[in-house]
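*Asks:* What follows is a structure written as structure tokens; I'll ask about it next.
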Amino acid sequence: MNLNLFEKIFNYQIISRLEDSGTFMITSHERSWLKTMLQHPAAEEAFTAATLGKLQQLLEPESMMDITEAFTEKARSTERQVYHAYLRPLRRAIMNQQGICISYQVKGGRTKLDELGFPYKLEYSMVKKEWYLLWYHQRRKTLMSTRLHKILAVAEEALPDHEIAQYGAAIHAALEQHKASTSIQVLREYNRELSRILYAFSCFEKEVDYDAELDLYTIQVTFAKNETDYMLSKLRFLGKRVRIVGDPALQQRMYETTVKALDRYADNG
11 MNLNLFEKIF NYQIISRLED SGTFMITSHE RSWLKTMLQH PAAEEAFTAA
61 TLGKLQQLLE PESMMDITEA FTEKARSTER QVYHAYLRPL RRAIMNQQGI
111 CISYQVKGGR TKLDELGFPY KLEYSMVKKE WYLLWYHQRR KTLMSTRLHK
161 ILAVAEEALP DHEIAQYGAA IHAALEQHKA STSIQVLREY NRELSRILYA
211 FSCFEKEVDY DAELDLYTIQ VTFAKNETDY MLSKLRFLGK RVRIVGDPAL
261 QQRMYETTVK ALDRYADNG
């Protein structure tokens, strides 16, 4: 059933206000999926006993997904651990805005011991299936990205407020230098697939603008420059549903990758 213009504007305003307040809605299917995931052995390590018990209690009325016959799992490479022992202490240090004393391995097997830094963010690479810590190196004055399985030891270090503000500003400046953004228009005939399209960009920062007169959605997507290829893969996945606007460089990259793909199927006579 098609929504009229008033309903579209109203729904967009409601969703925007929920996002601004930090509230999000989940479907019954998502709650069922979460209940199933809590049965994974890693859940006991990923959550405290109190948090795990509360989630299980809240999800008790939900039916658990039965995936025993729905999927056939083919041979795969060895799965790395989805949870790491350092996730919880690092997350706590980030939340409390504390410094860290960290020992870790670098290329060539060399070891860096008791380096002081300020943790910024934990990231999970869907490509490499690994956790990374983004942190500011106090001595080198640079933003670092370290795989969690390369960390040998980490401990919290108290920092004065002026140093916390100083490191925060340095991290923000470093991130801005490595950021890129582009505008993605949703073709009007695919407006009903907006949720699916937004989900494809869920790992990026984004803002959505709606032009009521043109019935046109524009998504402003912000991403790290070293994630450009991943961004292009998302655009190729969405196909004719979206198009890049106002970004000639990214449009050219998209054009080049499309031509290379078509050349594989060209008739060579």
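Be aware that the sequence shown starts at 11, since it is given in the working numbering, and climbs by one per residue.
Beta carbons: idealized from backbone N, C-alpha and C, even for Gly.
#1: Taking D221 as part of the beta strand (DSSP E), name the residues at either end of that continuous run.
#2: Which of helix, strand or coil does DSSP assign to P258?
#3: Give me, in chain order, the residues of the same chain whose beta-carbon lies closer than 6 Å to that of E133; leave out the 5 immediate sequence neighbours on both sides.
#4: Could you check if G109 is buried or exposed, using at least 16 other CB atoms within 10 Å of its CB as the buried criterion?
#5: Taking the alpha-carbon positions, what's the K189 to F211 distance?
#6: For the stretch 240–252 against the stretch 197–205, are there 3 or more C-beta pairs whose distance is under 8 Å?
#7: Please report the straight-line C-alpha distance between P129 and W43, rounded to a whole angstrom.
#8: Going along the chain, which residues of its own chain have a beta-carbon closer than 7 Å to the beta-carbon of Y96, five neighbours each way excluded?
#9: Indicate whether the contact test is met: 3 or more Cβ pairs, each with one atom in the stretch 174–194 and one in the stretch 224–231, closer than 8 Å.
#10: Can you check which of these residues, L185, A222 and E217, is closest to R237 by C-alpha distance?
#11: Between which two residues does the alpha helix (DSSP H) harbouring D239 extend?
#12: Could you spell out where the beta strand (DSSP E) holding K131 opens and where it closes?
#13: In angstroms, rounded to a whole number, what distance separates the CA positions of Q280 and S38?
#14: Cα-Cα, which of R102, R202 and D257 is closest to A56?
#15: Nearest-angstrom Cα distance between T58 and K131?
#16: Excluding the 5 residues flanking K45 on each side, which residues of the same chain have their C-beta closer than 6 Å to its C-beta?
*Replies:* Well, looking at it:
#1: E215 to D221
#2: helix
#3: Y142
#4: buried
#5: 15 Å
#6: Yes: at least three Cβ pairs fall under 8 Å.
#7: Those two C-alpha atoms are separated by around 31 Å.
#8: L158, I161 and V164
#9: Yes: the two stretches touch, three or more of their Cβ pairs being nearer than 8 Å.
#10: Looking at the sequence shown, residue 237 is not Arg but Glu. Closest option to E237, Cα to Cα, is L185.
#11: T238 to L248 is the extent of the alpha helix (DSSP H) around D239.
#12: Unbroken beta strand (DSSP E) run through K131: T121 to S135.
#13: Only positions 11 to 279 of the chain appear in this structure, which leaves residue 280 out of reach.
#14: R102
#15: 20 Å
#16: L69, E72 and M74
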